[in-house]
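So the structure is just underneath, and the comments pick up after that.
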Amino acid sequence: MRNTSPAAWLLRLVVIGAAVLLVWHYWPAPKVESVQSADGSHIKFRTQDDRIEIYENNGWTPFFVKGVNVGAALPGHDPGELPIPKETYLDWFKKIQALGANTIRVYTILSPAFYQALVEYNERAEKPLYFIQGVWTPEDELIEKKDAYLSEIYGEFLTEISYAVSAVYGAADIPQRFGKASGAYRYNAGPYLLAWHIGTEWEPRMVKNTNEIHKDKTGFKGSYIFAKPQASPFENWLAEMLDHLAVLETQYGWKHPLTFTNWVTTDPLEHPGEILITEDMIGVDAMHLGVNGWPAGYFASYHAYPYYPDFFRLDETLHDVKEADGTPNTYRSYLRKLKEHHQGIPVMITEFGVPSSLGVAHLTGMNRNQGGHNEAEQGRINASLLSDISNEGMAGGIVFSWQDEWFKRTWNTMHFEIPQNRRKLWHNVLTNEQHFGLVAMLSGKDGLLKIDGDDADWKALKKEDKKQLEGSYPGWKSLTMTHDEAYVYITGELERPFDPEREKLYFGVDITPGGNKHGEALGGRKLDEGLETLIVLGKGDESEVQIAANYDFHTRLYGKQYGMIPPKPEDEKDDSGVFHPWKLAVGLEMIPPDTKKYSPFEDVPAGKLLRGTTDPASKEFNSLAMWQAKGSKVELRVPWMLLGFTDPSSLQVMSYGEKDGKLYAVPSQGIRLVPWIAQRSDGSVQGLDSGNGGAYPVTSLPLYSWPAWNQSVYTERLKQSYPLVQEAFRHIGGSDTTKNPS
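Quick note on our numbering: the sequence shown kicks off at 1 and runs consecutively.
Put into structure tokens, the structure is as follows:
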């Protein structure tokens with residue numbers, strides 16, 4: 001036998017070791033059963049006709065995707081900071097699987113901790129929790145440049161796809177990039193992957209412009225993905241990107257189903273009832289792409305909500321599907337039409353749901369509005385939407401979302417959040433986009449303080465975390481205030497039990513110079529400093545927050561730019577004495593030629609204060625409850641924005657003026673609270689007495705203030721919607737539910 005040198009033996013051992021490592025690393029995990037395709041690639045999931053199938057027990061079985069979308073952010077952070085640790089993911093995975101979900105979807109490459117946690121969790125779990133991996137486009141650049149083939153956009157997306165594939169298979173070293181994941185990826189999550197889901201919600205003008213300036217981009221034929229003759233240039237671009245991903249994945253010995261993100265705005269259907277032209281301007285059609293030699297298959301996916309665009313409530317062609325009571329179910333009608341268009345391939349609804357928020361942004365039928373729901377209502381509506389998705393033969397439904405996200409903005413409140421880069425540090429109860437989760441991300445004292453008319457929990461607060469207001473307040477024995485990232489809290493004890501049939505309670509709020517120094521609610525009294533807002537507690541719908549007419553920034557913004565009836569000139573002057581109900585816009589005035597026909601401005605009440613309890617242990621629990629009174633004890637919480645704050649974390653409030661035609665914020669010293677009691681019998685007012693017949697000295701009242709904060713405190717709680725969605729999952733597509741989370 002020929003002698004071999006020690007160096008050669010060492011080299012041979014290194015090669016053998018590397019080979020063993022590669023086989024171990026990329027081979028399917030022990031619990032993941034798969035089948036091999038003709039080229040040796042492993043396949044766990046595939047598309048078959050209009051469904052997804054899973055390979056298990058030595059055969060293919062239909063697999064209805066029951067999922068939740070998991071975001072990348074925590075309170076106090078932007079998603080690009082990727083702040084979620086492995087321990088949090090492990091806890092979430094347990095609760096997600098107990099929900100009955102079999103799949104989670106992520107939008108972009110997450111930190112290495114996510115993939116490590118998923119692998120470790122699935123190695124211990126009785127059944128794997130699968131995931132759909134998204135790949136985020138250069139979204140801002142696409143919207144700005146409106147050209148998907150622009151070299152920097154094209155190249156950046158190809159690179160992002162490459163990073164995503166190597167990250168999933170635990171073979172990536174991604175350099176630090178602002179707002180994106182980076183690090184060493186060493187955990188192979190590929191065996192638990194269900195599908196690839198590239199892209200974001202396409203801006204229609206970008207799609208249209210790409211098609212117009214790249215008419216030569218046709219006939220793409222890749223190694224596995226091709227564009228059909230009728231495919232648009234943008235659809236050819238998508239085919240290129242999917243093929244790039246497929247080629248990369250084969251290098252790791254796997255093939256998974258492929259899809260691209262789409263939404264109702266760029267669906268391939270026509271919507272004759274849609275008013276806004278851009279919402280029905282252009283389509284992106286999954287049927288214009290095909291696969292060749294990719295046995296895992298390809299499917300269509302849509303983000304589809306029941307309230308947007310407006311054709312869901314305006315298009316009479318969607319009235320053909322009705323509930324048992326005859327109410328048109330426009331969402332189900334839409335799903336049916338979507339399914340009919342995509343003959344031969346699965347259609348998955350990869351985002352759906354409604355938020356549990358005080359704020360509302362869009363209205364629609366069956367009360368499936370974008371907001372205005374408590375947690376129980378959110379759960380019932382989400383369950384009904386899932387039922388529609390299942391009944392119309394979709395391949396799956398993925399709830400948006402798992403957790404609340406404070407960094408999110410909504411079109412009808414984002415102009416009032418100044419500065420916007422601090423939005424993540426506080427929780428705007430009026431911004432519905434922050435409340436889609438099945439997990440409530442509660443502000444620091446929400447839960448610690450339960451609104452129930454009992455101040456025992458206040459006594460547990462540290463002395464420095466609350467302030468008893470010094471001074472004499474006729475009708476009151478005591479008043480105490482505190483705050484957190486979402487609310488200003490007030491509790492007090494009256495001299496006698498509160499009877500809303502006999503009286504109303506008022507709290508005037510002064511946060512900046514200006515405002516109403518008189519008004520009907522003040523019973524003829526005068527103040528030496530004006531009020532920006534007025535809190536009213538009374539019977540039923542009487543309880544609300546009102547805003548001084550000249551301070552009313554909803555009216556100031558929308559009355560001048562977006563078609564709202566302008567305020568009366570006398571209301572715009574300082575100290576008009578007029579207070580308006582707080583409102584939020586739900587529809588802007590739309591005028592041809594930007595729209596197909598005229599549509600008026602619409603708004604809804606936003607300042608109503610619901611009486612109830614926020615104690616989750618109570619049968620009367622209501623997540624939107626804002627106040628309660630028991631005997632002589634009164635307790636309430638008020639969202640920051642209703643009081644005029646644009647950023648409580650830096651004590652910024654809305655100004656009375658404008659700069660360059662825009663609203664702007666000014667610093668505030670804090671809050672002066674002005675309490676009084678009005679008798680219904682004779683209109684008399686208890687309180688607001690200056691003692692000398694002059695103006696009541698608001699400026700002499702104690703100031704409630706706080707240090708600015710740059711870090712947020714929050715707690716997690718499963719919402720009331722969780723068990724309702726759990727029950728819906730249990731009855732659809734088989735049960736994957738394990739025991740309830742602790």
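Glycine included, every Cβ here is placed at the ideal spot set by N, Cα and C. No experiment lies behind these values; they were computed from the predicted model shown.
Would you mind stating whether residue i and residue j have Cβ atoms separated by less than 8 Å?
| i | j | result |
| --- | --- | --- |
| Asp446 | Asp615 | no |
| Glu274 | Asp320 | no |
| Ala171 | Tyr185 | yes |
| Gly659 | Glu375 | It should be pointed out that residue 659 corresponds to Lys in this sequence rather than to Gly. It is not a contact, given that the beta carbons lie outside the stated cut-off. |
| Lys630 | Val604 | no |
| Gln726 | Leu99 | yes |
| Ala511 | Ile671 | Checking the sequence, you will find Ile at residue 511 rather than Ala. Cβ atoms of Ile511 and Ile671: closer than 8 Å. |
| Ala148 | Phe260 | no |
| Pro675 | Tyr506 | yes |
| Gly297 | Thr533 | no |
| Asn550 | Tyr656 | yes |
| Gly577 | Pro600 | no |
| Glu485 | Ser632 | no |
| Phe226 | Asn292 | yes |
| Arg680 | Ala395 | no |
| Asp647 | Arg422 | yes |
| Tyr192 | Val439 | no |
Could you name the residues that DSSP lists as bridge partners for residue i?
| i | result |
| --- | --- |
| Ile52 | Thr47 |
| Asp173 | Ala184 |
| Val106 | Gln133 |
| Tyr696 | Leu527 |
| Met654 | Ala665 |
| Gln749 | Look at the range of the chain in this structure, 1 to 742, and you will see that residue 749 is not part of it. |
| His483 | Val488 |
| Trp60 | Tyr55 |
| Glu603 | Residue identity differs from the one stated: residue 603 is Asp in this sequence, not Glu. BP columns for Asp603 point to Ala585. |
| Ser576 | Per DSSP, none; premise fails for Ser576. |
| Glu493 | Ser478, Lys633 |
| Glu274 | Answer by DSSP bridge pairing: none, since Glu274 is not bridged. |
| Glu544 | Val536, Lys608 |
Going straight from the alpha carbon of residue i to that of residue j, what length do you get?
| i | j | result |
| --- | --- | --- |
| Ile349 | Asp388 | 11 Å |
| Pro639 | Glu544 | 11 Å |
| Leu258 | His373 | 35 Å |
| Leu449 | Tyr714 | 13 Å |
| Lys44 | Gln561 | 54 Å |
| Glu746 | Gly515 | The question about residue 746 has no answer, for the chain in this structure spans 1 to 742. |
| Gly222 | Ile345 | 20 Å |
| His518 | Glu405 | 40 Å |
| Thr218 | Leu588 | 39 Å |
| Thr317 | Gly199 | 30 Å |
| Trp458 | Tyr473 | 20 Å |
| Leu245 | Arg409 | 32 Å |
| Val653 | Phe645 | 4 Å |
| Trp9 | Tyr252 | With a pLDDT of 38 at Trp9, under the threshold of 50, the modelled position of this residue cannot be trusted, and the question is left open. |
Helix, strand or coil for residue i, going by three-state DSSP, please let me know.
| i | result |
| --- | --- |
| Phe220 | coil |
| His341 | helix |
| Leu13 | Model confidence at Leu13 stands at a pLDDT of 36, short of 50, so the residue's coordinates are unreliable and nothing is read from them. |
| Pro112 | helix |
| Gln230 | coil |
| Thr533 | strand |
| Arg717 | strand |
| Thr555 | helix |
| His373 | coil |
| Lys86 | helix |
| Asp196 | Here residue 196 turns out to be Trp, not Asp, going by the sequence shown. It is a strand residue. |
| Tyr305 | strand |
| Tyr506 | strand |
| Gly514 | coil |
| Arg680 | coil |
| Ala300 | strand |
| Glu351 | strand |
Kindly say whether residue i, judged by its beta-carbon, lies nearer than 8 Å to any beta-carbon of chain D.
| i | result |
| --- | --- |
| Leu609 | The structure shown contains no chain D; it is built from a single protein chain. |
Contact between the region 74-85 and the region 284-298 (3+ Cβ pairs under 8 Å):
no
Counting pairs of Cβ atoms below 8 Å between the region 395-412 and the region 617-624, do you hit three or more?
no
Determine contact between the region 414-426 and the region 352-369, defined as no fewer than three beta-carbon pairs at a distance below 8 Å.
no
On the three-pair Cβ rule with 8 Å, is the region 676-687 touching the region 493-509?
yes
Counting Cβ pairs, one atom from each stretch, are 3 or more of them under 8 Å apart for the region 351-365 and the region 692-710?
no
With a threshold of 8 Å, are at least 3 pairs of Cβ atoms found where one atom belongs to the region 264-271 and the other to the region 200-208?
yes
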